[in-house]
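In what follows, a structure is listed as structure tokens, so that the remarks can point back to it.
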Ligand code: BG6
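Right, dumping it as structure tokens:
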């Protein structure tokens, strides 16, 4: 099989090279691309951050990250040794012109005389994006080269800041040179939702509001905030997980199918659904929780009211989704890690109460699969028939989510990235919830570590006579 490869020589400029994201995800992602021979002969990975690293220590740092976060059986010593030869490092601040001068010299020294493609990944807080964009613009003008930017989420901290940030970056870069990331869009089951709907009228006909009783999205995690407690304490679970990841999944399920599979149309339809989201005004439709040990973590305020669990009940103000409740929940330090979407269909009008609804389920973790549950009767017994298929990638060409996104950016597959309109629409919804929470003083329920989160999450679904469907993991 012919795998998609990056054909042009490139420089991958990694801002935040000493940080967690680089260590956990980005170095392993780049190694995976090398392992699958998707990288050209000539390329340079130039790490950039404020930390002081000698070239050798940086190389060791990257090697450790790869050995720690890539499965043992995928470590190919020859590939790894070659990969490490392509690494370079430049220490610098994010806002001093002279540091960008040095970076530009480094770029030239890595690929003298060649026509290269430059992609910069900003694995840094969004407060640094503007300075980095300005510095890179300076380099671009000085070297007369093109540079494209990949920007990690969260993009801003509310609608206003996201709009301003976009404006300030587009002072230096055209928006077609920006790849706004949500790593959920690099996950195989999430990547499958659009093509499954687009190519299969049968599935698409099922996903019409008139036949749906409710939609549930759950992202349950066992980990706490780990080394990112300082960041997390400022944002909380709604901004961290729901604002982009889970709303993107919801948009893919509920968007109208465009006639053509074109990026512009897909983004427009996703944006339309996201801008039509609303929460029920009277009670904000939110349950908030915090795990018991949270305020004992380093970098967390002792009296922090930051939620580590949230469950929402919301609606889409579009005719086709009229009165279809949507429940979204996400939490940390819960009893198990499980991520899935459940669509429950309406039962026949006179069905007995105990009959389960038909369901469409897409699991993202730990399984990656689609399942359809149909109620049947066998003799005198009511049974459920299951149709199930894996959505996991199999074979040598599978890539982890960040590797997929880096490859997609190099190959300019814009479908895998967000538009600013989608981001602004999501923030608008999240801002309106926070405004409601500020006014209504919703209680923060403390839940024990390793449990299933606040009991009150069940009150939300009960309002519509529905229960959370717990997919067996
Ligand atoms: C990140 C959040 O974007 O996604 C983390 O900042 C969260 O808090 C993570 O743990 C979840 O990603 P995944 O791929 O494990 O579902």
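Numbering (my numbering), first residue to last: 1 to 473.
Just so it is clear, CB atoms sit at the ideal spot from N, CA and C, and this is done for glycine as well.
If only complete runs of 4 or more residues are kept, the region 335 to 379 shows no alpha helix (DSSP H) anywhere. Counting C-beta pairs with one atom in each stretch, the region 177 to 189 and the region 384 to 403 have three or more that are closer than 8 Å, which means they touch.
For residue 47, the enclosing beta strand (DSSP E) has its first and last residue at 43 to 49.
The beta carbon of residue 338 sits no closer than 7 Å to any heavy atom of ligand 1. Between residue 247 and residue 279 a beta carbon distance of about 12 Å is seen, past the 8 Å cut, so the two are scored as non-contacting.
Nearest neighbour of residue 324 by Cα position, chosen from 212, 402, 294, 6, turns out to be 212. Contact check between the region 302 to 312 and the region 346 to 361: fewer than three CB pairs, one atom from each, fall below 8 Å, which does not count as touching.
Annotation: residue 416 to residue 274 spans about 17 Å, alpha carbon to alpha carbon. As a beta-bridge residue in DSSP terms, residue 381 pairs with 378. Taking C-beta atoms as the reference points, residue 192 and residue 156 fail to come closer than 8 Å. With a cut-off of 8 Å on Cβ pairs, the region 97 to 104 is in contact with the region 134 to 148, counting three or more such pairs. The residues 446, 448, 449, in chain order, have a CB closer than 6 Å to that of residue 292 in the same chain once the five nearest residues on each side in sequence are set aside. One Cα belongs to residue 230, the other to residue 57, and the distance between them is close to 27 Å. Leaving aside the five residues that flank residue 179 on each side, the residues in its chain whose CB is nearer than 6 Å to its CB run, in chain order, 150, 409, 417.
Membership of residue 199 in the alpha helix (DSSP H) is indicated by the continuous run 188 to 199. Between the beta-carbon of residue 181 and that of residue 286 there is about 27 Å, and that puts the pair past the 8 Å contact cut.
Straight through space, the alpha carbons of residue 11 and residue 456 are spaced by roughly 51 Å.
The alpha carbon of residue 40 has as its nearest neighbour, out of 134, 276, 117, 158, the alpha carbon of 117. The DSSP assignment places 159 to 170 as complete runs of the alpha helix (DSSP H) inside the region 137 to 183, in order along the chain (cut-off: 4 residues). Considering only 7, 35, 2, the residue with the shortest C-alpha distance to residue 403 is 35. Relative to the non-hydrogen atoms of ligand 1, the Cβ of residue 368 never comes closer than 7 Å to any of them. Of 217, 218, 173, 235, the smallest CA-CA separation from residue 225 is found for 235.
Looking at the DSSP output, residue 314 shares a beta bridge with 326. Rounded to the nearest angstrom, the Cβ distance from residue 45 to residue 86 is 6 Å, consistent with a contact under 8 Å. Excluding the 5 residues flanking it on each side, residue 206 has no same chain C-beta neighbour closer than 6 Å. Taken through DSSP and simplified to helix, strand or coil, residue 120 comes out as strand. The straight-line gap separating the alpha-carbon atoms of residue 468 and residue 216 is approximately 7 Å.
Inter-residue distance for residue 47 and residue 164 is about 27 Å (C-alpha atoms, whole angstroms).
Remark: the shortest separation between the CB of residue 245 and any heavy atom of ligand 1 falls under 7 Å. The beta carbons of residue 264 and residue 154 sit no closer together than 8 Å.
Annotation for residue 221 indicates a beta carbon within 7 Å of some heavy atom of ligand 1. If you check the C-beta of residue 198 against ligand 1, you find no heavy atom less than 7 Å away.
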